[in-house]
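For the sequence shown, the UniProt record's numbering assigns the number 1 to the initial residue and increments by one for each residue that follows. Every residue gets a Cβ at the ideal spot worked out from N, C-alpha and C, and that includes glycine.
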Amino acid sequence: MLAQQRRQAILERVRATGGVRVADLVRELGVSDMTIRRDLEVLAERGLVDKVHGGATTTGPGSTEEPGFTAKSARQQPEKDAIARTAARLVRPGTAIALSAGTTIWTLARHLVEVPELTVITNSIRVADVFHRVPRADRTVVLTGGVRTPSDALVGPVAVATIRRLHVDTLFLGVHGMSARAGFTTPNLLEAETDRELVACARRLVVPADHTKWGLVGISTIAELAEAHVVITDEGLPAHARDELAAAAGELVIAAREPADTRESL
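Below, the structure is given as C-alpha cells:
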C-alpha cells in the first residue's frame with residue numbers, strides 16, 4: 001500500500017469512528033509504529049486530524065467554522081494545483097466566467113492569466129489581485145464589492161445586487177464541503193446567499209474541490225450535487241464518494257497530479 005493510500009485509509013477510519021489508536025493501526029495495516037506516527041503527523045499538519053497521546057482524533061470543525069485564507073492556502077497544495085490545471089482546460093478564450101472565493105479557485109486564477117479575451121466576474125479579493133498583477137488589455141475583471149469574510153470573499157446585498165444583473169458561461173465554485181445529504185456547503189450564511197446568486201447567473205456550474213471536502217458540511221447549502229455540471233477532484237477521493245458524486249453530478253473528473261508531486265519523501 002502506498003503512503004497516500006494508507007493515509008487516506010487512516011483518515012477514513014478517523015472520520016468514521018472519531019478516533020484511532022496507533023497500536024490498532026499498526027496491527028491492521030501491517031506497518032511499523034514509526035510509519036503510523038509519521039502518517040498521523042502528516043495528516044495533522046494538513047489540518048485533517050488532531051494528534052493525541054497514542055493516536056489521533058477528528059478535528060471536529062463546527063458548521064460555522066471558517067478558516068482564514070492563509071490557513072486554507074497551505075492545505076492540499078499539490079491536489080489543488082492538479083485540480084486547477086484540469087479546470088483551466090475548460091476555459092476558452094473570449095468567454096465570460098465567474099470565479100467565486102476560495103484557495104482552489106485562487107489557484108485556478110493563476111492558471112488563467114494568459115487566456116486571451118476573457119471576462120472574469122469574481123467576489124474574491126485574492127482572485128482579482130491575481131489578474132491585477134498580470135494585466136492584459138483584452139481582459140475585463142469585475143469585482144462585485146460587498147462585505148469581506150475571513151476567506152477574503154465579498155458577500156452581502158451589494159455583491160448579490162451586482163451579480164443578479166450578470167450572465168456568464170461558466171461558474172467555477174469554491175466550496176467548504178460536499179456531501180450526498182447536504183450538497184455543496186459553506187460555513188458563512190452571507191457567502192451562501194452570494195454563491196447561490198453566482199450559480200443562478202451561470203449556464204454551467206463547475207466545482208473544483210479536493211478530496212478532503214467530502215463529508216464536510218457547512219451551515220448553509222449553496223447547491224445540490226445534481227446541480228453541478230462538472231465536479232473536479234483528486235485521486236485521494238474514496239471509491240464510495242466517487243460513486244456518489246458520479247451518480248449525482250453531470251460529470252466527475254479525477255485530476256492526476258504531475259509526476260513530481262507524487263514522489264514520496266524518504
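In terms of DSSP beta bridges, what is residue i paired with?
i: aspartate 234; result: Ala255
i: threonine 170; result: Ile97 and Arg204
i: phenylalanine 184; result: Met178 and Ala223
Along the beta strand (DSSP E) that carries residue i, what are the first and last residues, could you check?
i: lysine 51; result: 49 to 52
Could you give the first and the last residue of the continuous alpha helix (DSSP H) run that contains residue i?
i: threonine 86; result: 77 to 88
i: methionine 34; result: 33 to 45
i: alanine 56; result: No alpha helix (DSSP H) contains alanine 56, which is instead part of the beta strand (DSSP E) from 55 to 58.
i: valine 175; result: Taken as a continuous stretch (DSSP letters only), valine 175 belongs to no alpha helix (DSSP H), as it is neither H nor E.
i: arginine 27; result: 22 to 29
Could you have a look at residue i and say whether DSSP puts it in helix, strand or coil?
i: glutamine 4; result: helix
i: isoleucine 105; result: helix
i: leucine 216; result: coil
i: threonine 17; result: helix
i: alanine 247; result: helix
i: histidine 211; result: helix
i: arginine 242; result: helix
i: alanine 228; result: coil
i: valine 199; result: helix
i: arginine 92; result: coil
Could you check if residue i is buried or exposed, using at least 16 other CB atoms within 10 Å of its CB as the buried criterion?
i: methionine 178; result: buried
i: aspartate 81; result: buried
i: glutamine 5; result: exposed
i: valine 199; result: buried
i: arginine 203; result: exposed
i: leucine 189; result: exposed
i: arginine 7; result: buried
i: valine 52; result: exposed
i: valine 230; result: buried
i: proline 135; result: exposed
i: methionine 1; result: exposed
i: serine 32; result: exposed
i: aspartate 243; result: exposed
i: glycine 18; result: exposed
i: glycine 218; result: buried
Is the shortest distance between the beta-carbon of residue i and the beta-carbons of chain C less than 7 Å?
i: alanine 98; result: Checking the listed chains, one finds no chain C in this structure; it contains a single protein chain.
### Task
Quick one: which unbroken alpha helix (DSSP H) runs of 4-plus residues sit fully inside the region 113 to 177? Chain order, please.
The region 113 to 177 is shown to contain whole alpha helix (DSSP H) runs of 4 or more residues at 125 to 133 and 157 to 164, in chain order.
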